[in-house]
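If you count the sequence shown from 1, position 29 lands on 29 in our numbering, and the numbers rise without skipping.
To keep things clear, I will list the structure first and then write my remarks on it.
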Amino acid sequence: MGGLFRAPKPVIVAPPPAPAPAAVAPTPAQAQQAAETESRARSRRGLEGTIATSDRGVLAPLPAVARKSLLGE
């Protein structure tokens, strides 16, 4: 026969989080190489990113776009 009260639910304890692996510090040579690579990429994006044509100018003309005619012609 059931009672007036329910049995208490068991308390669930979360397991402790796993320790994070230690970060490996890059060697000075690797750090210098990464800095040089980033510097080259940044300088490449500098001026060349603003130029919209090649060094020989516009290579191909834009194709003519068909316009709608006025008054439905």
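Positions of the beta carbon are idealized from the N, C-alpha and C atoms, including for glycine.
A distance below 6 Å between beta-carbons, with the five flanking residues on each side excluded, links A22 to no residue of its chain.
Annotation: A41 to A35 spans about 10 Å, alpha carbon to alpha carbon.
Here the alpha carbons of P17 and A31 stand approximately 31 Å from one another.
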